[in-house]
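Worksheet: the structure to be examined is printed underneath.
Residue numbers (full-length UniProt numbering): 1 to 767.
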């Protein structure tokens with residue numbers, strides 16, 4: 001604490017005599033112009049003194065001891081402007097559009113859909129066709145490098161990102177679907193997060209909403225109806241009350257979903273005899289859940305604010321079931337035919353999340369604190385009734401699973417101007433308690449046993465980063481130290497050989513610079529990938545007579561070294577990544593016992609492997625047509641056992657938005673993935689077509705969005721796993737062709753001003 005107070009005193013003292021030039025960058029319609037480049041030049045010889053970029057609201061501040069200077073302001077799509085400036089607030093600087101002729105097509109210098117800033121992609125949503133596309137989820141699907149997959153959002157070459165909305169950590173993806181695109185200002189995709197982020201975070205998506213002014217009561221209602229083989233329904237009401245500097249908000253959400261998944265499996269075990277299992281099934285499920293949020297913000301003044309939220313999510317109904325028929329072949333001859341009647345019932349156990357934040361400024365020091373307490377209880381009961389054609393083939397068993405998780409987290413970040421840039425230091429602490437209990441009510445040869453394990457983990461991190469601009473170089477450098485202690489317990493008894501302590505340093509360096517009219521960025525960092533707590537669990541789950549799956553408490557974290565480069569010019573962007581992964585963990589298959597026909601899905605570490613990925617994005621505009629073409633590839637050098645898994649994956653995404661009169665928007669989107677490897681999995685090719693029509697009424701107080709998803713029912717999740725003496729093929733279709741109708745109504749809506757960013761984000765994701 002004394003060290004923090006001393007640092008705080010030093011930072012407040014730093015540059016105490018310095019003055020500043022303040023202002024705001026606006027466009028021709030007096031709208032705020034974010035991310036404009038502002039350079040302070042010496043008026044005598046035009047040499048560079050100091051630089052910055054405008055904030056989301058267009059404002060900027062440049063520290064200087066000189067009473068006068070010359071400002072150079074530039075932004076993509078606008079004419080560069082020079083302005084004489086003096087200390088103090090110089091007011092608005094209005095930029096003019098830069099129109100250029102490209103052949104017979106006139107491209108106006110209006111706000112571009114996509115910009116690049118220090119290697120990040122910024123999608124301007126407000127005032128563009130993206131603002132009328134539907135939901136935040138739809139917006140993300142139209143951003144280069146982001147893919148919307150069944151059950152999640154992925155960033156190409158980076159995996160699952162962490163998502164913020166107004167600085168608050170996204171808790172579940174349904175929040176994206178509940179956010180209207182007309183309420184979004186911009187979206188930033190950070191593909192190389194710095195030292196302030198947890199080292200397991202490889203990509204960050206920041207969604208900024210439009211700040212709504214005015215006091216009073218605001219109400220928004222949304223209803224979504226979907227129809228595939230079965231129907232789905234969502235209803236949500238958001239209420240916000242604002243009075244001067246106080247903001248009270250809440251929401252209620254109800255969701256009903258029916259799932260249907262067709263699956264066909266072919267599993268071959270090559271040994272002294274060849275065993276082949278051919279299985280087909282249709283999984284049907286029904287889920288209902290309620291979610292409620294209540295929170296507040298209070299702005300003490302322009303420099304200090306605080307707030308808190310409470311969110312509770314409770315599943316009220318969760319059931320699934322299927323009937324499978326499995327042909328058992330030995331050396332090509334039929335040996336048995338098994339019938340399995342399987343049922344799943346989820347437990348009605350709540351998830352509660354409490355967050356709090358404080359943002360302030362003392363002297364030159366910006367203070368940002370976030371705290372969180374997260375409690376999750378989940379579990380299920382599964383029943384399996386197996387019958388066959390051979391004697392003694394009947395089997396009945398019931399399994400019970402429960403997982404209780406608790407997380408406490410705190411994060412403090414201090415920022416202060418130092419020399420020609422900004423210094424950021426901070427610390428983060430998370431404390432985890434996770435308990436898994438798995439019970440099986442059946443006994444026999446080769447059946448899994450019950451398990452009871454617990455993991456207690458604490459993570460203490462300290463980090464520092466410095467950002468500065470010198471001449472035409474913009475540099476960000478940082479270092480993060482993490483001390484992790486993970487204690488493993490089996491039936492409440494401490495197990496030393498499965499408990500671990502890690503001490504690691506994680507550097508980050510990013511350099512941005514211009515190449516004539518293009519902008520380029522180079523970066524290097526080290527990240528970590530930690531196994532989820534389910535992977536570290538010791539329980540062995542029964543799937544069927546021949547297939548089990550389990551975790552592995554001995555799995556170690558992976559460490560990723562990444563070099564990334566990208567170059568952007570207007571609406572053209574090229575990117576390249578090289579990654580070296582040490583101690584990679586992956587899922588594999590092996591005999592449950594030596595020379596046994598039962599296949600166990602589990603996890604192992606690999607010493608290392610390498611991956612390269614590259615791509616090109618084109619996002620021009622031709623009149624009312626807004627196309628976006630994203631072409632990319634990924635190739636790995638992955639070897640495990642006696643096999644190589646090096647077939648490259650190719651991706652294509654072609655999105656088209658057509659803006660018509662009277663607030664009509666038509667979207668026609670296509671995507672494709674080739675056959676290829678990711679770790680030891682070979683994915684089958686897949687792709688599909690989605691269309692949508694959006695219409696707003698009464699200044700968008702009421703809107704209607706009709707979408708046809710996966711028109712040709714062509715999306716698949718099929719793959720092969722060839723490992724050791726086992727070849728496993730899974731064909732999968734998850735009922736993705738559907739009609740979705742969304743109705744929204746807004747009355748005097750004002751979005752919450754909650755500005756917390758969350759803490760312990762990645763640890764919560766692992767839970």
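Even for Gly, the Cβ is constructed at its ideal location relative to N, Cα and C.
- Annotated three-state conformation of residue 188 is strand, per DSSP.
- In this model, residue 680 and residue 659 are separated by some 43 angstroms (Cα to Cα).
- The Cβ atoms of residue 94 and residue 21 lie no closer than 8 angstroms to each other.
- For residue 670 and residue 740, the gap between their C-alpha atoms comes out near 17 angstroms.
- Annotated three-state conformation of residue 172 is coil, per DSSP.
- Per DSSP, the beta bridge partners of residue 564 are 523 and 577.
- In summary, residue 698 is exposed, with fewer than 16 beta-carbon neighbours lying within 10 Å of its beta-carbon over all protein chains present.
- Residue 553 has no beta-bridge partner at all, per DSSP.
- Annotation: residue 488 to residue 731 spans about 37 angstroms, alpha carbon to alpha carbon.
- Under the Cβ criterion (8 angstroms, minimum of three pairs), the segment 304 to 316 does not count as touching the segment 331 to 339.
- Each residue's CA atom was taken as its position, placing residue 592 and residue 729 some 19 angstroms apart.
- CA-CA distance, residue 381 to residue 737, rounds to 30 angstroms.
- The secondary-structure analysis by DSSP pairs residue 253 across a beta bridge with 236 and 291.
- With a threshold of 16 other beta carbon atoms within 10 Å, residue 634 meets it and is buried.
- Excluding residues up to 5 positions away in sequence, 137, 140 and 141 lie with their Cβ nearer than 7 angstroms to the Cβ of residue 148 in the same chain.
- In the structure shown, the three-state DSSP call for residue 84 is strand.
- Around the Cβ of residue 624, a 10 Å sphere holds fewer than 16 other Cβ atoms; the residue is exposed.
- Boundaries cannot be given for residue 331, as no beta strand (DSSP E) includes it and DSSP labels it neither H nor E.
- Within the DSSP bridge table, the entry for residue 139 names no partner.
- In terms of Cα proximity to residue 271, the closest of 328, 726 and 504 is 726.
- Here DSSP, grouped into helix, strand and coil, assigns residue 671 to strand.
- Between residue 550 and residue 509, the gap from beta carbon to beta carbon reaches 8 angstroms or more.
- Its chain contains 602 and 603 as the residues whose beta carbon lies nearer than 6 angstroms to that of residue 552, once the 5 sequence neighbours on both sides are disregarded; these appear in chain order.
- Between residue 396 and residue 378, the C-beta gap is not smaller than 8 angstroms, which leaves the two residues out of contact.
- Nearest to residue 653 by alpha-carbon distance, out of 144, 47, 369 and 358, is 144.
- When DSSP reads this structure, residue 41 sits in a beta bridge with 48 and 70.
- The way I'd put it, the segment 458 to 471 does touch the segment 421 to 432; three or more beta-carbon pairs between them come closer than 8 angstroms.
- Bridge pairing for residue 327: 278 and 337 [DSSP].
- In the three-state DSSP reduction, residue 439 falls in the strand class (E or B).
- Residue burial annotation: residue 39 is buried, with at least 16 other C-beta atoms found within 10 angstroms of its C-beta.
- When the five nearest sequence neighbours on each side are left out, the beta carbons in the same chain lying within less than 7 angstroms of the beta carbon of residue 499 are those of 486, 487 and 488, in order along the chain.
- Each residue's CA atom was taken as its position, placing residue 667 and residue 627 some 10 angstroms apart.
- Within the segment 442 to 503, the complete beta strand (DSSP E) segments at least 3 residues long are 451 to 470 and 473 to 490, listed from N- to C-terminus.
- Between the alpha carbons of residue 240 and residue 747 lies a distance of about 10 angstroms.
- Under the three-state reduction of DSSP, residue 125 is assigned to coil, being neither helix nor strand.
- The bridge partners DSSP lists for residue 95 come to none.
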